[in-house]
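> Below are the structure tokens for one structure; questions will follow.
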Amino acid sequence: MKGDPLRAESRRTRRGTGPDPRPRWAGSLARVSAQPTLSEVLAALDALWPRERAEQWDAVGTVCGDVPNPEARVGRVLFAVDPVQEIADEAVRTGADLLVTHHPLYLRGTTTVAADTFKGRVVHTLIRNGIALHVAHTNADTADPGVSDALASALGLRVTGPLVPDGTDPAGRRGLGRICALEPALPLAEFAQQAARRLPVTAQGIRVAGEPDRPVRTVAVCGGSGDSLFDAVRAAGVDAYLTADLRHHPASEAREHSPLALLDAAHFATEWPWCEQAAAQLDAVAERHGWDLRTDVSRTVTDPWTAHAPSAPVQPAGPSTDPAHDTPGAPN
Ligand SMILES: [Zn+2]
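Counting from 1, position 323 in the sequence shown corresponds to residue 314 in the numbering used here; the numbering is continuous, with no gaps.
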């Protein structure tokens, strides 16, 4: 499942318009467009996801790139979740001049970018091929629209507001997570199936906690690891919470507190929808400026988990020396 190459596709190609085959000078009425400089595109990304809105501990912004060089032009941008080698190679393959990822390459300081470290190899691959790397992480999480808006939209939910509002936003739209309405309401089991169908395919799929028939009308969502937000989820009084990386204790305690249903998706799957949203946002900027810029969204699954072994079905009772009979769920 990892590295599924089925999915590198160009937004423009997908829309069926394809690259314009005419030379730039063809047709006196043709709109004159030019590739923007790297610094122009980075300024546009900073306007969409201002670096100062990132968490203190985060490391966002431009990781590598010949930023001050006016000759550094951007004709193609690739959006992806993880700045891993597979994605760097994809950026080279697709002819990207700029790679925009959600996760930082270096979250903490480093003393080396030597190519015998995996992060150094990513840096070398990108620089050798003239590709810049830019990160929008927690500043994209809380943005309007942000990572959880993209997740809600992928799930077919209507956003009604942020789960943890950013007090500095007078419009009250920015913040962490989103509270959403599910219209029409669905039983939990059906909503889980719908989520599994709509999110990228991962080995994990969706783990569910709750009564399968209980109707879900309101849902809180948080792209990425969301088990620090349970207080806000409880305060919101929603029927279900969909996020990633739910750990045993916070999940167990949440279930003991209330009938809140939990849906745990792969971290990658909850954040990937942002790539499409982000690419569309940059498309709109390019359109406004008349830039000759193409955006691609990587459809490579970089979820680190590659397989899932469902628990073995309960064996019929009988004399056995199978050690599985000592495990929970097996007959005594
Ligand atoms: Zn994440």
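For every residue, glycine included, the Cβ atom is placed at its ideal position computed from N, Cα and C.
Start and end of the alpha helix (DSSP H) containing Gly111?
109 to 119
> Rounded to the nearest angstrom, what separates Arg225 and Leu253 at their Cα positions?
12 Å
> Report the residue from Arg238, Leu251, His240 whose alpha carbon sits nearest the alpha carbon of Ala227.
Leu251
> Compute every distance between the C-beta of Glu43 and the non-hydrogen atoms of ligand 1, then say whether any falls below 7 Å.
no
> According to DSSP, is Ser216 helix, strand or coil?
The answer is strand: DSSP assigns Ser216 an E or B state.
> Relative to the C-alpha of Ala256, which residue among Ala235, Leu273, Gln268 is closest?
The residue from Ala235, Leu273, Gln268 with its alpha-carbon nearest to that of Ala256 is Ala235.
> Measuring CA to CA, which of Val150, Arg64, Trp48 is closest to Ala25?
Arg64
> Pull up the DSSP beta-bridge partners for Cys171, would you.
Val150, Val210
> Alpha carbons only, please: which of Gln76, Arg119, Glu174, Pro95 is nearest the one belonging to Val113?
Considering only alpha carbons, the answer is Gln76.
> Within a Cβ cutoff of 6 Å, which residues of the same chain sit near Gly166, ignoring the five residues on either side of it in sequence?
Thr133, Pro153, Val155, Pro156, Asp157
> Hey, which unbroken runs of the beta strand (DSSP E) at 3 residues or more fall wholly within the stretch 223 to 262?
231 to 235, 252 to 256
> Return the CA-CA distance between Gly214 and Val104, expressed in angstroms with no decimal places.
Taking the Cα positions, Gly214 is about 30 Å away from Val104.
> Do Gly86 and Arg99 have their C-beta atoms within less than 8 Å of each other?
no
> Can you tell me whether Gly163 is buried or exposed, with buried defined as 16 or more other CB within 10 angstroms of its CB?
exposed
> My understanding is that Pro191 touches Val292, with C-beta atoms under 8 Å, so please give their C-beta distance in whole angstroms.
6 Å
> With contact counted as at least three CB pairs below 8 Å, one residue from each stretch, are the stretch 234 to 248 and the stretch 266 to 280 in contact?
no
> Give me the Cβ distance between Val212 and Gly168, rounded to the nearest whole Å; I'm assuming they're in contact under 8 Å.
6 Å
> Considering only residues of the same chain and omitting the five flanking positions on each side of Trp16, which have a CB-CB separation below 7 Å?
Low per-residue confidence applies at Trp16: pLDDT is 42, beneath 50, and the placement is therefore not dependable enough to give any value.
> For Val305, name the three-state secondary structure that DSSP assigns.
Here Val305 sits in coil by DSSP.
> When you compare the CB positions of His128 and His93, do they come within less than 8 Å of one another, or not?
yes
> Please state the DSSP three-state secondary structure of Gln192.
Residue identity differs from the one stated: residue 192 is Val in this sequence, not Gln. If DSSP states are grouped into helix, strand and coil, Val192 belongs with coil.
> Given that a residue counts as buried once 16 or more other Cβ atoms are within 10 Å of its Cβ, and exposed if not, what is Ser302?
exposed
> Our contact map puts Asn130 next to Ala45 with C-beta atoms below 8 Å; I'd like the distance itself, whole angstroms only.
4 Å
> Helix, strand or coil: how does DSSP classify Val276 here?
In this structure, Val276 counts as helix in the three-state DSSP scheme.
> From the DSSP output, in three-state form, read off Val155 for me.
strand
> Can you tell me whether Arg6 is buried or exposed? The criterion is at least 16 other CB atoms within 10 Å of its CB, across all chains shown.
Caution is warranted here: a pLDDT of 35 is assigned to Arg6, below 50, making its placement in the model unreliable, and the coordinate value is therefore given only provisionally. Answer is exposed; the Cβ neighbour count stays below 16.
> Can you tell me the Cβ-Cβ gap for Ala123 and Leu89, rounded? I've got them flagged as a contact below 8 Å.
5 Å
> List the residues that DSSP assigns as beta-bridge partners of Trp282.
Ala25
> Could you tell me if Gly217 is buried or exposed, where buried requires 16 or more neighbouring beta carbons within 10 angstroms of its beta carbon?
So Gly217 ends up on the buried side.
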